[in-house]
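> Using my numbering, you'd call the opening residue of the sequence shown number 49 and step up by one each time.
Here it is, the structure, as structure tokens.
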Amino acid sequence: MTAPPAAAIAPLAAPAERYRMLRLIRGFEELALGLVKSGAIPGGIHPYIGQEAVAVGVCSALGPADRLTSTHRGHGHVLARGAAPDRLLAELAGRVDGLNGGRGGSMHAADLSLGILGANGIVGAGAPIAVGAAWAAKHSTHATHATHAESGTEGSPVAVSFFGDGALNQGVLLESLNLAAMWRLPVLFVCENNGYATTLPAATAVAGTATGRAAAFGIPAEQVDGMDTEAVRAAALRAVERARAGGGPGFLECRTYRYEGHHTMERRMKLRYRTPEEVAAWRERDPLARAAAPLDRAAVAELDRSVAEQLAAAEEFTLASAHPDPAGALDHLYADGLRPRAGVSA
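Next up, the structure:
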């Protein structure tokens, strides 16, 4: 088995690079769906199909020292930041060569070397982690100097918190908005509003608006077409530049749509809460087709081919990777090697 390459921030500066990442995320999720069906991925996943423009648009606005927190529907964010698809797929399958040794699975993938502070199975729980990371960055001259050294980007590193419309009523998110605003932290809150919290329509659960939540704390907020990669990128660049320059947090509501169910279990449960007409109307706005339209057709075909090869290799890598030894089930359960703060007894 060939070892995966070292982690590196995904190159997303050019339209062709952004299209390739969109295709990679879409293909990865389609492959993962097949592996769930075959049983190679236990427990199921929350597919990101349809929402790819949000992850790619936002991550294309970030620098090497920036950080992000993700959600239970987080594969797109992790890939768009640069995680190796073979190691992420192995993580979903619970294999030892996964990003986190198969211990995080679909909902808790992380790669600190890329600034990915973790996907999270708790709705809204990534927000306070992002706020903490932003606070640390703002108060660390070393972190600021690292930003200058790595990318020439002036200002503080930025933390991004992705969350869905289902998190808009979570107290932990509101507390995070408050602290970020009070302390003028470099945080970008990104609401991926796909219209449903599991099966509950957002319109029946959210009083007011998503952007209104941010406005109540004095945070600049913008609503953007979450099916348009370039629109998301432009809005994210504005918010990130403002946060990096000391302007405090920003908030984006990306209006998007998931083509698949909330979770793969829906296929068995045969839930009916969306009409075929609604799904079809959103499919007409597919972010991949929109991103491919201005590109040369031959170039698009070549990008599609290279992604297909990469995913085929990822599947081979994953299925060849060993399952963890049950004897090590308690490894990493408790922290060790910690150094207490000055004045605190061990």
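In this text, a Cβ means the ideal position worked out from N, Cα and C, and glycines have one as well.
Quantities reported herein were computed from a predicted structural model and do not represent experimental measurements.
Hey, out of Phe299, Ser108, Tyr67 and Ala184, whose CA is closest to Phe211's CA?
Of Phe299, Ser108, Tyr67 and Ala184, the residue nearest in Cα terms is Phe299.
> Pick helix, strand or coil for Leu386, following the three-state DSSP scheme.
Looking at Leu386 - three-state DSSP - the assignment turns out to be coil, as it is neither helix nor strand.
> Cα separation between Ala229 and Gly82?
The straight-line gap from Cα to Cα measures roughly 43 Å.
> For Val102 and Ala390, what's the separation of their Cα atoms in angstroms?
Cα-Cα distance, rounded: 43 Å.
> Over the uninterrupted alpha helix (DSSP H) stretch that includes Gln358, give me the two end residues.
Arg345 to Ala368 is the extent of the alpha helix (DSSP H) around Gln358.
> Tell me the rounded alpha-carbon separation between Ala444 and Leu381.
Limits of the chain in this structure are 49 at one end and 394 at the other, which puts residue 444 out of reach.
> What whole-angstrom Cβ distance do Val106 and Gly172 have, given they're in contact under 8 Å?
Val106 to Gly172, Cβ: 17 Å. No contact.
> To which residues of the same chain is Arg66 closer than 7 Å at the C-beta, ignoring the five residues directly before and after it?
Contacts found: Leu60, Val104, Ser108, Thr277 and Ala339.
> Which word fits Lys85, buried or exposed, when buried means at least 16 other C-beta atoms lie within 10 angstroms of its C-beta?
With fewer than 16 Cβ atoms within 10 Å of its Cβ, Lys85 is classed as exposed.
> Excluding five sequence neighbours on each side, which residues of the same chain lie with their C-beta closer than 6 Å to the C-beta of His94?
Counting only Cβ-Cβ distances below 6 Å, and skipping sequence neighbours, we find His120, Arg121 and His311.
> Since I believe Thr246 is in contact with Asn168 (beta carbons under 8 Å), could you give me their beta-carbon distance rounded to a whole number of angstroms?
With a Cβ gap of about 16 Å, Asn168 and Thr246 do not count as contacting.
> Pull up the distance between the alpha-carbon of Ala157 and that of Ala175, whole angstroms please.
Each residue's alpha carbon lies about 16 Å from the other.
> Kindly list the residues whose CB is nearer than 6 Å to the CB of Ala56, restricted to its own chain and excluding five residues on each side of it in sequence; keep chain order.
The answer, listed in chain order, is Gly130.
> Please give me, in chain order, every unbroken run of the beta strand (DSSP E) with length at least 3 that falls completely inside the segment 262-345.
Here the runs fully enclosed are 269-273 and 298-303.
> What span of residues does the alpha helix (DSSP H) with Arg151 cover, start to end?
Unbroken run through Arg151: none, as it is neither H nor E.
> Taking Cβ positions, are Ala138 and Gly146 nearer each other than 7 Å?
Yes, these two residues count as a Cβ contact at 7 Å.
> Which stretch, first to last residue, makes up the beta strand (DSSP E) that contains Leu236?
Per DSSP, Leu236 belongs to the beta strand (DSSP E) from Val235 to Asn241.
> For Leu127, I'd like the list of residues in its chain whose CB is within less than 8 Å of its CB, leaving aside the five on either flank, ordered along the chain.
Cβ neighbours of Leu127 beyond the five flanking positions: Ala58, Met69, Leu72, Ile73, Phe76, Ala103, Pro133 and Leu136.
> Using the C-alpha atoms, what's the distance from Ile164 back to Arg290?
Whole-angstrom Cα-Cα distance: 22 Å.
> Check each candidate in Gly124, Glu202, Met313 and Ala262 and name the one with the smallest Cα separation from Val288.
Looking at the Cα atoms, Glu202 is the closest of the given residues.
> Can you look up Val144 in the DSSP assignment and give me helix, strand or coil?
Three-state DSSP puts Val144 in coil, outside helix and strand.
> For Gly91 and Arg331, what's the separation of their Cα atoms in angstroms?
If you take the alpha carbons of Gly91 and Arg331, they lie about 27 Å apart.
> If you scan the segment 84-123 from start to end, which runs of the alpha helix (DSSP H) of 4 or more residues do you find wholly inside it?
Complete alpha helix (DSSP H) runs here, min 4: 100-107.
> Between which residues of its own chain and Gly166 is the CB-CB distance below 8 Å, once the five residues before and five after are set aside?
Same-chain partners within the cutoff: Thr117, Ser118, Gly152, His156, Ala157, Ala158, Gly174 and Ile177.
> Give me, in chain order, the residues of the same chain whose beta-carbon lies closer than 8 Å to that of His241; leave out the 5 immediate sequence neighbours on both sides.
According to the sequence as given, residue 241 is Asn; it is not His. Around Asn241: Gly212, Asp213, Ala250, Ala258, Gly274, Glu301, Cys302, Arg303 and Thr304.
> Is the beta carbon of Ala253 less than 7 Å from the beta carbon of Ala262?
No, Cβ-Cβ distance for Ala253 and Ala262 is not below 7 Å.
> How many Å lie between Val272 and Leu248 at the Cα?
If I take the Cα positions, the gap works out to 22 Å.
> Going straight from the alpha carbon of His125 to that of Ile97, what length do you get?
Spanning the two alpha carbons is a distance of roughly 12 Å.
> What number of angstroms, rounded off, separates the C-alpha of Ile89 from the C-alpha of Leu140?
Each residue's Cα considered, the two are about 6 Å apart.
> Quick one: Cα of Gly295 to Cα of Glu357, how far?
Rounded to the nearest angstrom, the two C-alpha atoms are 43 Å apart.
> Verify whether the separation of the beta carbon atoms of Ala182 and Ala215 is less than 7 Å.
No.
> Report the partner residues of Ile164 according to the DSSP bridge assignment.
Ile164 is bridged to Leu116 and Asp159.
> By DSSP, does Leu248 sit in helix, in strand, or in coil?
Here Leu248 sits in strand by DSSP.
> Taking Ser224 as part of the alpha helix (DSSP H), name the residues at either end of that continuous run.
From DSSP, the alpha helix (DSSP H) with Ser224 extends over Gly219 to Met230.
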